[in-house]
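Under our numbering, the letters of the sequence shown match residues 21 to 127, in that order. Think of the CB as a built atom: it goes at the ideal place given N, C-alpha and C, for glycine as much as any other residue. All values derive from a computational prediction rather than experimental measurement. Worksheet: one structure, shown below.
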Amino acid sequence: MVIEYIRYGLTDDAQATAFERDYALAARFLDDSEHCLSYQLARCVDQPLQYILQIRWDSADGHLQGFRRSAGFADFVRLVGPYTRQLLEMRHYQPTAVAGARPGQAL
């Protein structure tokens, strides 16, 4: 399992509204992918025009060779591709053994 983190720095509130709308529409293609285990889009409290998308993939190959070659990938990119100029980071991370959560809370 790998976690992809994608950080965005948007330009204004109107773009942020459109960004959230477009990712909500694009999420169905993540839902349809057997390689996507989970995802979450978070908006920065301190800098509201910054976002982080976290996607848990079964593997880097599942993302790069599976999802990116899937039938829905072109439609996914059509929706979120316009925001590539606002990318600050897009990388895969491997979880470490350092983790924790209060009882009843998910990571």
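In this structure, does DSSP put residue i in helix, strand or coil?
i      : result
Ala126 : coil
Gly82  : helix
Val118 : coil
Gln35  : helix
Leu69  : coil
Return the first residue and the last residue of the alpha helix (DSSP H) that residue i is part of.
i     : result
Ala94 : 93-100
Tell me, please, which residues DSSP counts as bridged to residue i.
i      : result
Glu109 : Arg27
Arg89  : For Arg89, which the question treats as bridged, DSSP gives no partner whatsoever.
Arg76  : Ile23, Ser58
Return yes when the C-beta of residue i is under 7 angstroms from any heavy atom of the ligand NAD, and no when it is not.
i     : result
Phe96 : Although the ligand NAD was asked about, the structure shown includes no ligands whatsoever.
Here's the rule I'm using: 16 or more other beta-carbon atoms within 10 Å means buried, otherwise exposed. How should residue i be labelled?
i      : result
Ser53  : buried
Tyr113 : exposed
Tyr25  : exposed
Leu108 : exposed
Cys64  : exposed
Leu9   : Shown here, the chain extends from 21 to 127; a query on residue 9 therefore has no answer.
Residue range of the beta strand (DSSP E) that residue i falls in?
i      : result
Tyr103 : Element bounds for Tyr103: n/a, residue is neither H nor E.
Cys56  : 56-63
Three or more C-beta pairs closer than 8 angstroms, one from the region 83-102 and one from the region 45-59: is that the case here?
yes
Inspect the CB distances between the region 79-92 and the region 59-70 and report whether three or more fall short of 8 angstroms.
no
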